[in-house]
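See below for the structure under consideration.
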Amino acid sequence: MKTVRVRFAPSPTGRLHIGGARTALFNWAYARRLGGKFILRIEDTDLERSKLEHERAILEGLSLLGLDWDEGPDVGGPFAPYRQTERLERHRAYAAKLLDTGAAYACFCSSERLEALREGQSARKEKPAYDRKCASLTAEEVAARRGAGEKPVVRFRVPEGTTRFIDHVRDEVAFENKEVDDWIMVRADGMPIYNFVVVCDDIDMGITHVFRGEEHLVNTPKQVLLYEALGATAPEFGHLPLMLGTDGKKLSKRTGDTALQDYLERGYPKAAIVNFLCLQGWALNGTTEIFSIEELVANFDIKDVTKAGAIFDIDKFQWMSGEYIRKYSVDELADLCTPYIVRAGLASEAQLAERRSWYLEVVRGEQERIRTFAELPARIAFLFAEDGAVPYEAEALKNARKQAAGLATLADYRTWLAEALAQGKSTAELRDATKAWVTARGIKMPVLFQPLRCSLTGQPGGPDLFDLIRLLGGDHALARIDAGLQRLSAPDGSPT
Ligand code: GLU
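Here the working numbering is used: the first residue of the sequence shown is 15, the next is one more, and so on.
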């Protein structure tokens, strides 16, 4: 059996799209499962929009997800070069061959003529199509016009008939050739067009299977006809379902982030991203949602990919991300969260390292609650605030102020707490003794706890107050209560 050779062929015109990452993942998994080769080819024929920095970011994105390629622009390979613009000689040779056999022809029609043609067709409610004016030019006529300095485009001469191909996702697909226009393969400036070069390169690189997004399904008939014209066997295809937002529309910036990098920046664990991408059109067994990239490789078959659009449900993604957060050891999670804390300006890496055991305790307290690394800083920012200037959230302030006896209770408690801390009470002892203190005063718990929580954290809810007192340290807790006693009596609760 022929060795499987699949490729991911991104255009370096922007960051790696989350849909592109899924295409890469499925191709990679297919190659790895069958002991084949995964090739990375950069489709940079759009000179204006292609940038080396985008290429780098795409390569980096794939590596971060754990996808490795056997051949590519950086690692080379037997079919180098792997950037399309470095293969223009090959493309020219293919174009010359097609012109020679008459499968393609030079077209000199001006853009004005084509525009007028389109307008006429649309006025008559006809499908816009080239009218083949130049299809019957003789070799002499073409040579003469070229000689006079005219620069033609090269068009593919679409034959009559029906084009069929096997698509492993949607079974057999058939297209009437008359629906396909005599499309342009090479522009007047000599630059070849995607549908043409992709076929040249896939032939040259021995690609056996082409798995790509459904948006390319319309291109496939053109490409299959080209394989036929070149006397080459077309690869097997698989068009992956579109990734849709929860509104059922194509995933776009409007409905959510579309670049892989956005999710990395938002602190989704890489393994969670990979796992979630696996579920975009594929399932392990319909019941297991959390699984590893190794399980994908062991089980992936293109035939199991669904035709129906895949819903990219961000709530589910966040849930899954949280499940991965819980799998880490506290140590690992602390390290993974560190850059987010530094970026949020709460502390430097060195400061966190200095207070490592304290930091671990903070992270342990949040591990059950956060869904992404990036959620941590906002949740623990109060710990890093100045004691006199903890930001009070409106709801925390409202809850604290609701308690008529709150301030007086807090003032008394402050005295009691200073004493209890001086006695060296443990967290558990402090908790029990505080409850007894509240009960003995004949008041309800919130009368103390709301103003106390607001003073210590500025937030309406959160971790256990006595764990917090330990994390803050007794002196800081008392200083925060002192500030709270003043601020809670000020009209807006602002630091004085
Ligand atoms: N350069 C194309 C893209 O980025 C590749 C399509 C293909 O795989 O044929 O969509």
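Each residue gets a CB set at the ideal place from its N, CA and C atoms; glycine is no exception. Given the structure is predicted, the values throughout are model-derived calculations rather than measurements.
Practice prompt. Identify every run of the alpha helix (DSSP H) within the segment 228–279, keeping only runs that are complete inside it and at least 4 residues long; order them along the chain.
Written response: 234–243, 274–279
Worksheet item: Taking C-alpha atoms, which residue in D446, W430, D489, L499 lies nearest to Q464?
Response: L499
Worksheet entry | Completely contained beta strand (DSSP E) runs for the segment 73–125, where each covers 3 or more residues | 118–121
Worksheet item: So, helix, strand or coil for I483, using DSSP?
Response: helix
Item to complete: Go to R501, then tell me how far its alpha helix (DSSP H) extends in each direction, as first and last residue.
Response: 488–501
Worksheet entry | Burial state of R467, where buried means 16 or more other Cβ atoms lie within 10 Å | buried
Worksheet item: With respect to 7 Å, is the separation between the Cβ of R29 and the closest non-hydrogen atom of ligand 1 below this value?
Response: no
Item to complete: Provide the residue(s) that pair with E186 in DSSP beta bridges, ordered along the chain.
Response: I180
Worksheet item: Between E154, A162, F290, which lies nearest to A35 when the distance is taken from Cα to Cα?
Response: F290
Item to complete: Go through its chain and collect everything with a Cβ distance to H223's Cβ below 6 Å, but skip five positions before and after it.
Response: V20, P249, E250
Fill in: Candidates F189, E409, G402, G487: closest to P509 by CA position
G402
Worksheet item: Is it the case that the Cβ atoms of G270 and F387 are separated by a distance below 8 Å?
Response: no
Fill in: Identity of the residues DSSP links to H68 by a beta bridge
For H68, which the question treats as bridged, DSSP gives no partner whatsoever.
Item to complete: Locate the alpha helix (DSSP H) running through R199, then write down its first and last residues.
Response: According to the sequence displayed, residue 199 carries Met and not Arg. Premise fails: M199 lies in the beta strand (DSSP E), 198–200, not in any alpha helix (DSSP H).
Practice prompt. Output the distance between the C-alpha atoms of T302 and A43, rounded to the nearest integer angstrom.
Written response: 18 Å
Worksheet entry | 4 or more residues per run - each alpha helix (DSSP H) lying fully within the segment 138–162 | 153–161
Item to complete: Spatial neighbours of R393 within its chain, please: CB distance less than 8 Å, with the 5 preceding and 5 following residues excluded, ordered by chain position.
Response: E380, R383, I384, G476
Item to complete: Closer than 7 Å by C-beta to Q237: which residues in its own chain qualify, once you throw out the five before and the five after it? Chain order, please.
Response: N209, V212, V213
Worksheet item: Of the choices S371, L54, E67, E74, whose alpha-carbon is the least far from that of G91?
Response: L54
Worksheet entry | Range covered by the alpha helix (DSSP H) that runs through V288 | 284–292
Fill in: Burial state of Q473 (16 or more Cβ within 10 Å)
buried
Discussion item. Based on DSSP bridge pairs, tell me the residues matched to K51.
Written reply: R19
Worksheet item: For P24, is the classification buried or exposed, using 16 other Cβ atoms within 10 angstroms of its Cβ as the cut-off for buried?
Response: buried
Practice prompt. Check whether the Cβ of P24 lies closer than 7 Å to any heavy atom of ligand 1, and answer yes or no.
Written response: yes
Discussion item. As a quick exercise: from R127, A94, R201, R63, pick the residue whose alpha carbon is nearest that of A120.
Written reply: R201
Item to complete: Could you tell me if the beta carbon of H223 falls within a distance shorter than 7 Å of some heavy atom in ligand 3?
Response: In the structure shown, ligand 3 is absent; the only ligands present are ligand 1.
Worksheet item: Applying the criterion that 16 or more other CB atoms from any shown protein chain within 10 Å of the CB defines a buried residue, is V89 buried or exposed?
Response: exposed
Worksheet item: Could you give the uninterrupted runs of the alpha helix (DSSP H) lying entirely in the segment 290–353, keeping only those of 4 residues or more?
Response: 307–313, 328–341
Practice prompt. Could you round the C-beta distance between K264 and L274 to whole angstroms and report it? I think they count as a contact, below 8 Å.
Written response: Actually they are not in contact, since the Cβ atoms of K264 and L274 sit about 17 Å apart, beyond 8 Å.
Fill in: Distance between A130 and A137 (C-alpha atoms, nearest Å)
11 Å
Worksheet item: Mind checking whether the beta-carbon of V377 lies closer than 7 Å to any heavy atom of ligand 1?
Response: no
Worksheet item: Is I394 helix, strand or coil when you go by DSSP?
Response: helix
Practice prompt. Report all residues from its chain with a CB closer than 7 Å to the CB of L258; omit the five preceding and five following residues, and keep chain order.
Written response: K264, L265, G323, A324, I325, F326
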